[in-house]
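Structure, as structure tokens:
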Amino acid sequence: MNKTVNINLAGIFFHIDEDAYLKLQRYLEAIKRSFTDSQGRSEIIADIEARIAELFSERVQNEKQVIRIKEVDEVISIMGQPEDYLVDDEIFEDEPQPTYKAKSAPSKKLFRDTENSYISGVSSGLGHYFGIDAIWIRLAWILLIFGAGTGILLYILLWILVPEAKTTTEKLMMKGEPVNISNIEKKIKDGFESVTDTVSGVAKNVSDSVSNAAKQVDVKKGANSIKSSSRTFFDTLGDIIMFFFKILAKFIGIILILIGAATLIALIIGLFSLGVVDIIHIPGLDLVDLANTGNTPIWLVSLLAFFAIGIPFFFLFYLGLKILINNLKSIGGIAKFSLLGLWLLSIIALVVIGIRQANEHAFKEYHIEKTQIPIRAMDTLNIKMTHNEIYNTGFNRSRSNFKLAHDDNGGKAIYASNIEILVKSTTDSIATIAIEKSADASSYDIAIDRAKQINYNFELRNKTLFLDSYLTTDPINKYSDQEVDIILYIPENTVVLFNNSTKSFLNYRKHDGNVISSKSVNHHMRILDNNSECLDCTEEDFELNIDAEGVKINDDGIIINADDSHIKIDENGIKAETDEVKVNIDSNGINIKTEN
Amino acid sequence: MKIENTKAQMRKGVLEFCILSVLKDDDAYVAEILGTLKDAKLLVVEGTIYPLLTRLKNAGLLNYRWEESTSGPPRKYYGLTETGKLFLKELDTTWSELHNAVTIVTSQKTTKK
């Protein structure tokens, strides 16, 4: 009993015994290997197959008849052994070649032996060429690598330049065996046997002998991990580069995930806490609400901000995840587009809110209240700031500082410290105080209303003017740059004494009709026409700044340079130098040096 | 030196000439060419002819056409091209000269004997 195989030979269908099939296959394979592509191999094989099919057809009486090994043998005897094809092979060469059958030393060619290779088969190829074991070549490579690394360069060069032994003919030439059909067929047979030997059936492992084949299979097993049988140098190089790129990509992916996740978590915490604040009204955090003149709900703004910032970071996170995990499931087009839409909406909404908020500062309006105070020329007026315990800003104020607190009546009020004191001279006989209140709003009416809503108090007691250091307003008005400018019109020849507490509310210099600067505090200042003079200033209070040639006097000290002498007095001490004497007085003591 | 090798080489030299000669008058398919050559004992096995035919075709000396067959696969019918005819003519002349020369040389030897 025999198993049969169905084959299609030149378009004709045949039943063929398995052993006969294998024999036929081996035969055709052997013929195939005796030609090269340039000789029109595929066409020749097609013709031969057609002829074999014809011969089979002659021998098959009916469709059910099976081709047996006998028929195959007959056909092979008619067609000729593989050697017979080679007779014509010489005809193909335009130049006469040295005959293979001559027993002269067969010519060897250098090929890379990828079947017995560790990297690319350069060493085993060289081994075949020089007729020594490849292990010596490999040892030589290792020595060369230690010798300044020239080995690596040479190896790579050989890898590129030396062709790989691919065809059986090349493999025979590599080993210096005569290239004749018998050898080719032997090699192919060995290949088949080794395939049967290795159940895994890797590739056609062509080897010199069957015993050798088994040994080489072991070598291959060991080497398989570091090589693939037919690789070029560039394949491997490409793989190495790709490997590094992949690592880099994964690294970027991890960074993206970390950034995305951290931002999202921070945003969620922020959103949650803001939402909670909005609901349970934690005192102090109401400030946000006070500044929010546009009256947009906080939770809405925070939610919009969450989407506007969170969605791009979510995509960043997703991208990182996708880089890291190759077969990550897509979140789906619908989800992507709705997120994109949500993001755009959030951005638009935020822009609208922003414009509204900015619009709240479009108009700045003033409300001025003037009051005469009984201060005349030659009087001395003291000016002090009064502080509030609830809103204690101290002397150092910040213009944009504001605070929500309960006032004396138990109600809530915004306290702010946008107070500025200006002093101007007047020819009137009596002093005037003008309280100029201003506020921002989106319209003139609201602005003026807000300005009016500012509460600011002062008091004159015993020729002492007590000014509030703060302004208050109702929280409904929001915090919208409420300011109070106090303009004091003081008759000429009046003496004013600004208490130290006013220092931070005064302008730091005189300008625009302001005659008292913050430097004048704690001094009796006589108001002159558009100016003021200090009555009790000591010398040190004078601002002296002389910078002439050779003489320099300023805040830092005194420097005098003459032709042959040099004096310097500053915070470090006194230094006087002439050509002959050097005097130095500093924290180290007194040091006098003379030339002689 | 093996007699077989010499024989084979001698046959080989004239094989191309013979194939072209077979096709001189009529187109023929491979089996017919083979039949003629085998009858003349110029060929022992058939395999030899296929690379040869392909080579002659690739050189532009032969062309072929496909024809259906009642038994078996379609057949390739080979015929001479114009170049092939000229080529054959020249080979013919060469063969005649060679034949002459060989006859002269061999007959000379026999007369000497």
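Listed in order, the protein sequences are those of chains S and Z.
All residue numbers for the first sequence refer to this note's numbering, where the first residue is 160 and numbers rise by one.
All residue numbers for the second sequence refer to this note's numbering, where the first residue is 2 and numbers rise by one.
Using N, Cα and C, we set each Cβ at its ideal position, and we do this for glycine too.
Per the coordinates, the alpha-carbon of S:ILE482 lies some 56 Å from the alpha-carbon of S:ASP633. A residue is called buried once 16 or more other Cβ atoms fall within 10 Å of its Cβ, and S:ASN750, having fewer, is exposed.
For S:LYS529, the secondary structure class from DSSP, reduced to helix, strand or coil, is strand.
Proximity of chain S to Z:VAL15 at the Cβ level (cut-off 8 Å) is not reached, the minimal Cβ distance being about 12 Å. In this chain, Z:PRO74 is not harboured by any alpha helix (DSSP H), its DSSP state being neither H nor E. For Z:ARG66, no alpha helix (DSSP H) segment is defined; the enclosing uninterrupted segment is the beta strand (DSSP E) at 63 to 68.
Going by DSSP, S:SER628 is part of no beta strand (DSSP E) at all; its letter is neither H nor E. Taking S:HIS725 as the centre and dropping the five residues before and after it, the same chain places the C-beta of GLU736 closer than 6 Å to its C-beta, in chain order.
For S:TYR288, the closest Cβ of chain Z is not nearer than 7 Å.
Contact of S:PHE194 with chain Z by beta-carbon distance below 8 Å involves PRO52. Counting C-beta pairs closer than 8 Å gives three or more between the stretch 570 to 579 of chain S and the stretch 637 to 651 of chain S, which meets the contact rule. The continuous alpha helix (DSSP H) containing S:TYR477 extends over residues 457 to 483. Non-local C-beta neighbours of S:PHE625 in its own chain, meaning closer than 7 Å and more than five positions away in sequence, comprise LYS543, THR545, PHE617, GLU618, ordered along the chain. Going by DSSP, S:ILE204 is part of the alpha helix (DSSP H) stretching over 200 to 218. By DSSP's assignment, S:TYR574 forms a beta bridge with S:LYS562, S:THR631. In terms of beta-carbon proximity, Z:ASN101 stays away from the interface with chain S, with every pair separated by 7 Å or more.
Looking at the backbone, the Cα of S:HIS287 and that of Z:LYS58 are separated by about 39 Å.
Apart from the 5 residues on each side of it in sequence, S:ASP176 sits with its Cβ closer than 8 Å to the Cβ of ASN161, LYS162, THR163, VAL164, VAL225, ILE226, ARG227, ILE228 in its chain, given in chain order. For Z:ASN64, no CB of chain S lies under 7 Å from its own CB, so it is not counted at the interface with that chain. For S:PHE194, no beta strand (DSSP E) run applies, since DSSP gives it neither H nor E. When the Cα atoms are used, Z:ARG76 and S:ILE207 turn out to be separated by approximately 12 Å. Rounded to the nearest whole angstrom, the C-alpha separation of S:ILE589 and S:ILE514 is 47 Å. Not flagged as an interface residue toward chain Z: S:ASP232, since no C-beta distance is shorter than 7 Å.
A distance below 7 Å separates the beta carbons of S:ALA189 and S:GLU344. Here the stretch 63 to 81 of chain Z lies against the stretch 211 to 219 of chain S, with 3 or more beta-carbon pairs under 8 Å apart. Membership of S:THR591 in the beta strand (DSSP E) is indicated by the continuous run 589 to 600. Residue range 492 to 518 is occupied by the alpha helix (DSSP H) that includes S:SER505. Scanning its chain for C-beta atoms nearer than 8 Å, with the 5 sequence neighbours on each side dropped, one finds around S:SER679 the residues PHE657, LEU665, SER691, CYS693, in chain order. Collapsing the DSSP output to three states places S:SER276 in coil. Only those residues of the stretch 176 to 187 of chain S whose C-beta falls short of 8 Å from the nearest C-beta of chain Z would be listed, and there are none. Using a CB distance below 9 Å, the part of the stretch 206 to 223 of chain S facing chain Z consists of ASP206, ILE207, GLU208, ALA209, ARG210, ALA212, GLU213, LEU214, PHE215, SER216, GLU217, ordered along the chain. DSSP links S:ASN614 through a beta bridge to S:THR631. Going by C-alpha positions, S:ASN342 is about 13 Å away from S:ARG185. Only residues of its own chain outside the window of five on either side were considered, and among them PHE270 have a CB closer than 6 Å to the CB of S:GLU329, listed in chain order. Partner residues in the beta bridge of S:GLU736, as assigned by DSSP, are S:HIS725, S:LYS741.
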